[in-house]
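Undergrad: Using UniProt numbering, the first residue of the sequence shown is number 1, and each one after it goes up by one. A virtual CB, placed ideally from N, CA and C, is assigned to each residue, including glycine. Mind having a look at this structure? Questions to follow.
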Amino acid sequence: MVFKRRDKRRFGRVMLDSVYPRGGWGRAIYYVTHRLRRLPDSPQKIARGIAAGVFASFTPLFGLHFFVAALIARGLRGNILASLLATLFGNPLTFLPIAMVSLKTGHFLLGSRFDEPTESTLIAKFRGAAEDLLDNLVAVFTGAEPHWHKLGQFYHELLLPYLIGGIAPGIAAGLVVYYLSVPVITVYQNRRRGRLKEKLAELRQRAGKAEDRP
């Protein structure tokens, strides 16, 4: 399998690394970039996959970014693995800027008021919606009264504006990374092919010299 890990990580380690990777985000970004350049596919297909992953990062469907990216990459005939790797564009360092741009755009398009939240209030609203959802699910079996206030607030103030507002900046960011990625990947692949040809020619030359020896 391509890029298979030698050591299996525990679930807790995977979750921790998703928030702050070992070696920091700089090393993680370099690692993902290196993998993207080495994918065995055309530069255009890899770039379409990267664009799909970046676009998925502008959606509020946290926990589903992999699925969204893979579906978009499939529709664009892009590299699916590249799309999964490119979802790293949405990380704790970029979460707040992406959310602000998407929410401002969404509220503007919907004609609604936007009260600029902080990262802590955003997380609190996500948590509140999750609590309402869980409590209402339990209420189905216990007969307790369901509550929809936090879910309704989350939908009107966050989910809908974020979903609508993330489309335009997501497409713009996807197009930018596509047109930047194609020439970079093309140059890298051409250089890599050139090095492989040089090594192959060197091996043939050595083999020829060995055959000429008495």
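Considering only residues of the same chain and omitting the five flanking positions on each side of residue 167, which have a CB-CB separation below 8 Å?
TA: Counting only Cβ-Cβ distances below 8 Å, and skipping sequence neighbours, we find 58.
Undergrad: State the DSSP-derived secondary structure class of residue 94, mapped to helix, strand or coil.
TA: Correct three-state label for residue 94: coil.
Undergrad: Looking only at its chain, what residues have a beta carbon closer than 8 Å to the beta carbon of residue 74, apart from the 5 residues adjacent to it on each side?
TA: 80.
Undergrad: When the distance is taken between beta carbons, is residue 130 closer than 9 Å to residue 54?
TA: No, these two residues do not count as a Cβ contact at 9 Å.
Undergrad: Could you check what DSSP says for residue 107 in three-state terms: helix, strand or coil?
TA: Three-state result, residue 107: helix.
Undergrad: State buried or exposed for residue 18, treating a residue as buried only when at least 16 other CB atoms are found within 10 Å of its CB.
TA: Any reading at residue 18 must be qualified, since the residue scores a pLDDT of 48, below 50, and its modelled position is unreliable; the value itself is stated next. Exposed: under 16 other Cβ atoms inside 10 Å.
Undergrad: Skipping 5 residues on each side, what residues in its chain have a beta carbon closer than 8 Å to that of residue 94?
TA: Only 57 meet the Cβ criterion.
Undergrad: From residue 113 to residue 52, what does the alpha carbon distance come to, in whole angstroms?
TA: Straight-line Cα distance between these residues: approximately 30 Å.
Undergrad: Which of the three DSSP states, helix, strand or coil, is assigned to residue 199?
TA: In this structure, residue 199 counts as helix in the three-state DSSP scheme.
Undergrad: Over what stretch of residues does the alpha helix (DSSP H) that includes residue 162 continue unbroken?
TA: Residue 162 -> alpha helix (DSSP H) spans 160–165.
Undergrad: Around the C-beta of residue 191, are 16 or more other C-beta atoms found within 10 angstroms, so that it is buried, or is it exposed?
TA: With fewer than 16 other Cβ atoms within 10 Å, it is exposed.
Undergrad: In terms of alpha-carbon separation, which member of 146, 169 and 188 lies closest to residue 100?
TA: Taking only the C-alpha atoms, the option nearest residue 100 is 169.
Undergrad: Could you have a look at residue 77 and say whether DSSP puts it in helix, strand or coil?
TA: If DSSP states are grouped into helix, strand and coil, residue 77 belongs with coil.
Undergrad: Is residue 114 helix, strand or coil by DSSP?
TA: Here residue 114 sits in coil by DSSP.
Undergrad: Are the CB atoms of residue 47 and residue 90 nearer to each other than 9 Å?
TA: No.
Undergrad: Just to confirm my understanding: we take residue 122, look at its own chain, exclude 5 residues before and 5 after, and list those with CB closer than 7 Å. What are they?
TA: Once the five neighbours on either side are set aside, the close Cβ partners of residue 122 are 99.
Undergrad: With distances taken between CB atoms, is the gap from residue 103 to residue 161 smaller than 9 Å?
TA: The answer is yes: Cβ separation under 9 Å.
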